[in-house]
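Undergrad: Residue numbers (numbering that gives the first Met the number 0), protein chains in the order written: chain A, 0 to 170; chain B, 0 to 165. Positions of the beta carbon are idealized from the N, C-alpha and C atoms, including for glycine.
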Amino acid sequence: MTTEELLEILKAKFPGLAFELAATKPDSAIRVPAEKIGEVAAFLRDEPTLRFDMLMCLSAVDRKGSFEVVYHIFSMTNGHRSVLKVFVPTEKPQVPTVGHIWRTAEWHEREAFDLMGVEFVGHPDLRRILLPDDWEGHPLRKDYKTAEEYQGLRTAYDNLNDTPDLAWELP
Amino acid sequence: MGVLEGRFGDNILITSVDKVFDWGRSRSLWAVTFGLACCAIEMMCTGASRYDLDRFGTFFRPSPRQADLMIVSGTVTFKMASRLKRIYHQMADPKWVIAMGSCAICGGPYWQRGYSVVKGVDQIVPVDVYIPGCPPRPEALIAGLLELREKVIMKEKVLAKAAQEA
Ligand code: SF4
């Protein structure tokens with residue numbers, strides 16, 4: 000099934016929603032309104048002819064001004080795949096969770112939250128997953144500024160002659 | 000050994016207890032099982048049959064309590080730093096640390112922009128031997144271990160050498 004065919008099915012099922020085809024390479028994608036991603040995902044998973052029973056990857060991209068959340072979905076039953084995209088503004092990056100539809104999404108959403116700061120509304124346990132709990136900021140954002148130090152250890156060195164202080168001396 | 004040497008018959012060796020212990024220690028440096036990144040793959044290879052670290056009396060123990068040696072093989076992140084320090088403190092004295100690979104020495108490829116990487120494990124624990132490379136080959140790790148052996152047996156000599164070079 001091509002993305003275009005899937006788009007037609009979605010348009011027929013949700014007549015009020017503004018779906019868009021993003022003809023990107025290598026996979027074209029379907030742009031879904033952020034607040035309806037939960038319903039659309041449930042339909043894609045449960046409809047017998049579609050049966051997208053697997054979320055292969057959920058990732059977030061900083062588009063400067065907006066975040067793009069990308070869902071790569073796959074049907075193990077029917078052997079077809081597709082891509083969904085959701086755009087949210089940087090100031091209020093809130094996307095409904097799809098964790099209750101694909102359990103895989105729970106960790107992927109935590110990762111997107113940790114590194115990009117996208118907030119997944121309705122997520123049961125939205126904590127950092129990779130960085131320490133007391134970390135400040137979301138490092139994969141384009142406007143992220145590296146902190147000077149973390150727990151007393153310097154994070155950045157600008158030139159090669161600038162060497163770290165040893166915590167230990169020779170006896 | 001001075002006055003006592005040669006006072007007894009054949010087959011009797013006289014030495015100081017420390018020297019015997021150091022000699023023993025240097026021949027059985029047990030490392031704590033613990034790998035952090037790509038360098039750990041090379042360390043595992045060194046431990047496996049082709050390079051066979053057992054030949055040198057080094058093999059991996061699953062508990063820091065039973066280990067003399069910590070091979071920091073790979074990238075130390077800030078999140079890992081506190082854990083690494085804890086493992087170090089859990090090891091019984093005397094203990095030694097090898098920093099394996101550029102990451103453990105200075106942050107490696109993440110030296111400038113790695114927001115989450117400690118720029119050198121010597122900022123957290125004292126390091127005895129540095130093995131450069133990305134990753135160092137197993138031969139280099141073995142060479143580093145043999146260097147450490149020297150250091151264990153001949154502390155004074157090594158310290159004098161270091162002072163001379165500085
Ligand atoms: S020094 Fe190179 S091989 Fe070793 S952990 Fe760092 S990046 Fe990986």
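Kindly identify the DSSP beta-bridge partner or partners of valine 174/A.
TA: Because chain A is modelled from 0 through 170, residue 174/A falls outside the range shown and cannot be assessed.
Undergrad: Straight-line CA distance for phenylalanine 51/A to lysine 144/A?
TA: 39 Å
Undergrad: Can you list, in chain order, the residues of its chain with a C-beta nearer than 6 Å to that of arginine 153/A? Leave out the 5 residues immediately preceding and following it.
TA: Hits under 6 Å: none found.
Undergrad: For aspartate 51/B and proline 108/B, what's the separation of their Cα atoms in angstroms?
TA: 29 Å
Undergrad: Have a look at Gly106/B, Thr32/B, Gln122/B, Ile123/B and flag the residue whose alpha-carbon is nearest the alpha-carbon of serine 115/B.
TA: Gly106/B
Undergrad: In chain A, which residues lie with their C-beta within 9 Å of the C-beta of phenylalanine 77/B?
TA: Those are Leu130, Pro131, Trp134, Tyr149, Gln150, Leu152, Thr154, listed as they occur along chain A.
Undergrad: Who are the Cβ neighbours of threonine 89/A in its own chain at under 7 Å, not counting the five residues just before and after it?
TA: Gly64, Ser65, Phe66
Undergrad: Closer than 8 Å, CB to CB, is alanine 114/B near chain A or not?
TA: With the sequence shown as reference, residue 114/B is identified as tyrosine, and alanine is not the correct amino acid for it. For tyrosine 114/B, the nearest beta carbon of chain A is closer than 8 Å to its own beta carbon.
Undergrad: Sorted by chain position, which residues of the same chain lie with C-beta nearer than 7 Å to histidine 88/B's C-beta, five sequence neighbours on each side aside?
TA: none
Undergrad: With three or more beta-carbon pairs closer than 8 Å as the criterion, would you say the region 144 to 158 of chain B touches the region 95 to 106 of chain B?
TA: yes
Undergrad: Counting only the same chain and skipping the five closest in sequence on each side, list residues whose C-beta sits under 6 Å from that of valine 126/B.
TA: Val96, Ala98
Undergrad: At a CB-CB cut-off below 7 Å, which residues of chain B make contact with threonine 89/A?
TA: What threonine 89/A touches in chain B: nothing, since even the nearest Cβ is about 20 Å away.
Undergrad: In the DSSP assignment, find the alpha helix (DSSP H) that holds glutamate 146/B and state where it starts and stops.
TA: Run containing glutamate 146/B: 137 to 152, per the alpha helix (DSSP H) assignment.
Undergrad: Compare the C-beta of lysine 94/B against all C-beta atoms of chain A and say whether one is closer than 8 Å.
TA: no
Undergrad: Identify whether serine 81/B lies in helix, strand or coil by the three-state DSSP scheme.
TA: Serine 81/B: helix per DSSP, three-state reduction.
Undergrad: Apart from the five residues just before and just after leucine 169/A, which ones in its own chain have a Cβ nearer than 7 Å to its Cβ?
TA: Low local confidence applies: a pLDDT of 43 at leucine 169/A is under 50, so the model's placement there is unreliable, with the coordinate-based value given in what follows. Nothing listed; no residue qualifies.
Undergrad: For phenylalanine 51/A, does the three-state DSSP call read helix, strand or coil?
TA: Reduced to three states, the DSSP call for phenylalanine 51/A is coil.
Undergrad: Closest Cβ-Cβ distance between leucine 169/A and chain B: below 8 Å?
TA: Confidence is the limiting factor: at leucine 169/A the pLDDT is only 43, short of 50, which leaves the residue's position unreliable, though a coordinate-based value still follows. Cβ-Cβ to chain B under 8 Å: yes for leucine 169/A.
Undergrad: Does DSSP put glutamate 90/A in a helix, in a strand, or in coil?
TA: coil
Undergrad: With DSSP run on the structure shown, which of helix, strand or coil describes glutamate 148/A?
TA: strand
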